[in-house]
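Chains as they are written, first to last, in my numbering: chain A, 1 to 276; chain B, 1001 to 1276.
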DNA sequence: CGTCGCATTGAAACTTGTCAAACATTGTGG
DNA sequence: CCACAATGTTTGACAAGTTTCAATGCGACG
């Protein structure tokens, strides 16, 4: 339909979110722990304190500014974080829950969903390892959306009041948090453009390219990945019906742009997809 | 079409933005200065330092937390703010401009617009007196959207680095800024729901009710107001063509829900409009 | 091996977009 | 102050895109 615009939108989308946030904690966090080891959620009881430190976390590069002194590092470690395990289908938090903490996805994935009494729903985002959750609650003191795990998942819990204290002491940490919140604003702007100006075909293409980039940034294949969400959830995110999502997948299959086998996705022709 | 859902969406929209932000400065700021006195922009050269203080501003209740001590007030006043006048059609900032400051609309109104090379555009928001602009720039250090004045307007300029300094010193100010950023996230979520799930008719209804509430919060009539934006800009915001916007206005006219005379709007039946 | 949830596909209906023409409003210069 | 140009708005007819409804297919899991 249009020019090199889908790719651009995809790039804009959570390029922001990717850089976005991360307060991933140590433990066994190899960069791959995120998606690969979701089975480990089974091994532990839900909710338990994590006896580890941000300073030892293998993903700390994404979680905090690079230029911390060791004294600042020590302060950061005093921020009592814990991890929490959430089973597939369970809520990390729900709209109207009291806001206490924000979260960083350490393993697994989530959807955030804004809902109406009348049943109307909008998925406002999908969060994978290394991305932030819960910033919607700062405004009113209550969460504004539900965060539902798409698979058994693990998050780092960052008590927001403590984070604010740390941010008053460490200038670069303060700016980092501001950047994360701003990234979320920019991410949502891009999504608004997607919803407001793109055709169904372009939206699905942008969605796949965006996911692809985020997986790539985590060290996974950009070409092949597994969708954790249903067609209906994708539709709810992209502002279309599940049948339309399915038709678009079929069209991409026919045009040899993407090879879909259920939830398994292989992007055959990323350039072609970007030009849709 | 649906139940009492449009009103709910309208309420969600910038109820957030309304509470949102405000760093409105003193000068002649009666609450009405915003919309009523836009002619005063003519009286002054563009860009000039404003020799006034936040602590004397008649709108400070919306700009800062209520529980400041006088010592804190003094600190706040040390934050060098100035005002800036922007003529109708001119940009307060443009995408890719270096980010230095955020802005609070003191008088007049703006649109923020995200653009693509290929000409695709999305209006991501309309800002009226008392609302914030520019938070999209924190993330990358460059603005992500254009902010264009819809009429001759005045903004307070808040240098962001200085704001961060103040926020490290005044806890309640820090939290206030976080709330403002979070409000923007929540506002955009609501807009995503509007774009993703509502019919053209419902979107226009929600848009009018939302504007109505914001004017009311500023002390103006909730029933009668003047649109500063064109049908095309409304369409670009709501994800539809200008002809569709026009048809919806005509439909509301026919159904005796709204009385439109060009850009002059009178909401005749707000309850009916909310039930569209 | 049957069931249940999810996915695909087709045909018809509906909503919105596109194109075109007429009309209204605003601003400008004579 | 008027005429005219430019811009914005309304309306209609038709086309395109998306949803709706319905049927079928597929695959994981007990």
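From the three backbone atoms N, C-alpha and C, an ideal C-beta is built for every residue, glycine too.
Thinking C-alpha only, which one of the options is nearest residue i?
{"i": "residue 171 of chain A", "options": "A:88, A:69 and A:56", "result": "A:69"}
{"i": "residue 1235 of chain B", "options": "B:1132, B:1122, B:1217 and B:1065", "result": "B:1122"}
{"i": "residue 84 of chain A", "options": "A:93, A:76 and A:78", "result": "A:93"}
{"i": "residue 130 of chain A", "options": "A:136, A:107 and A:117", "result": "A:107"}
{"i": "residue 111 of chain A", "options": "A:117, A:134 and A:259", "result": "A:134"}
{"i": "residue 1276 of chain B", "options": "B:1217, B:1243, B:1203 and B:1071", "result": "B:1203"}
{"i": "residue 1232 of chain B", "options": "B:1222, B:1244 and B:1221", "result": "B:1244"}
{"i": "residue 198 of chain A", "options": "B:1238, B:1157 and B:1218", "result": "B:1238"}
{"i": "residue 72 of chain A", "options": "A:157, A:54 and A:86", "result": "A:54"}
{"i": "residue 1077 of chain B", "options": "B:1086, B:1246 and B:1159", "result": "B:1159"}
Nearest-angstrom Cα distance between residue i and residue j?
{"i": "residue 1120 of chain B", "j": "residue 1270 of chain B", "result": "33 Å"}
{"i": "residue 44 of chain A", "j": "residue 153 of chain A", "result": "Reliability of the predicted coordinates at residue 44 of chain A is poor, the pLDDT of 41 falling under 50, and no value is obtained from them."}
{"i": "residue 1103 of chain B", "j": "residue 1056 of chain B", "result": "18 Å"}
{"i": "residue 155 of chain A", "j": "residue 224 of chain A", "result": "25 Å"}
{"i": "residue 148 of chain A", "j": "residue 89 of chain A", "result": "6 Å"}
{"i": "residue 165 of chain A", "j": "residue 1105 of chain B", "result": "30 Å"}
{"i": "residue 82 of chain A", "j": "residue 126 of chain A", "result": "22 Å"}
{"i": "residue 1066 of chain B", "j": "residue 1255 of chain B", "result": "44 Å"}
{"i": "residue 161 of chain A", "j": "residue 101 of chain A", "result": "8 Å"}
{"i": "residue 1211 of chain B", "j": "residue 229 of chain A", "result": "36 Å"}
{"i": "residue 268 of chain A", "j": "residue 124 of chain A", "result": "27 Å"}
{"i": "residue 173 of chain A", "j": "residue 167 of chain A", "result": "5 Å"}
{"i": "residue 1079 of chain B", "j": "residue 1128 of chain B", "result": "23 Å"}
{"i": "residue 1214 of chain B", "j": "residue 1132 of chain B", "result": "13 Å"}
{"i": "residue 1099 of chain B", "j": "residue 99 of chain A", "result": "30 Å"}
{"i": "residue 1091 of chain B", "j": "residue 97 of chain A", "result": "40 Å"}
{"i": "residue 221 of chain A", "j": "residue 1218 of chain B", "result": "52 Å"}
{"i": "residue 1116 of chain B", "j": "residue 1209 of chain B", "result": "30 Å"}
{"i": "residue 246 of chain A", "j": "residue 87 of chain A", "result": "27 Å"}
{"i": "residue 175 of chain A", "j": "residue 163 of chain A", "result": "12 Å"}
{"i": "residue 95 of chain A", "j": "residue 157 of chain A", "result": "17 Å"}
{"i": "residue 1059 of chain B", "j": "residue 1216 of chain B", "result": "15 Å"}
{"i": "residue 1261 of chain B", "j": "residue 262 of chain A", "result": "53 Å"}
Is residue j closer than 7 Å to residue i when the C-beta atoms are compared?
{"i": "residue 1150 of chain B", "j": "residue 1182 of chain B", "result": "no"}
{"i": "residue 1201 of chain B", "j": "residue 1248 of chain B", "result": "yes"}
{"i": "residue 1145 of chain B", "j": "residue 1114 of chain B", "result": "yes"}
{"i": "residue 259 of chain A", "j": "residue 266 of chain A", "result": "yes"}
{"i": "residue 257 of chain A", "j": "residue 273 of chain A", "result": "yes"}
{"i": "residue 1075 of chain B", "j": "residue 1169 of chain B", "result": "yes"}
{"i": "residue 1136 of chain B", "j": "residue 186 of chain A", "result": "yes"}
{"i": "residue 1226 of chain B", "j": "residue 1264 of chain B", "result": "yes"}
{"i": "residue 1192 of chain B", "j": "residue 191 of chain A", "result": "yes"}
{"i": "residue 1206 of chain B", "j": "residue 1195 of chain B", "result": "no"}
Given 6 Å as the limit, tell me if residue i has its C-beta closer than that to any heavy atom belonging to the ligand PLP.
{"i": "residue 1073 of chain B", "result": "In the structure on display, the ligand PLP does not appear, and there are no ligands present to speak of."}
Contacting positions in the segment 1144-1161 of chain B - beta carbon closer than 7 Å to chain A: 1144 and 1145
* Asked: Using 8 Å as the threshold, is the segment 137-144 of chain A in touch with the segment 1181-1200 of chain B, meaning 3 or more CB pairs across them?
  -> yes
Using a Cβ-Cβ cutoff of 9 Å, what residues of the segment 1205-1222 of chain B are near chain A? List them in chain order.
none
Using Cβ-Cβ distances below 7 Å, what residues of the segment 1086-1114 of chain B are close to chain A? 1114
| Looking at chain A, which residues of the segment 1239-1260 of chain B have a Cβ within less than 7 Å of any of its Cβ atoms? | 1239
Residues, ordered as in the chain, of the segment 127-139 of chain A that lie near chain B by beta-carbon distance below 9 Å: 135, 136, 137, 138 and 139
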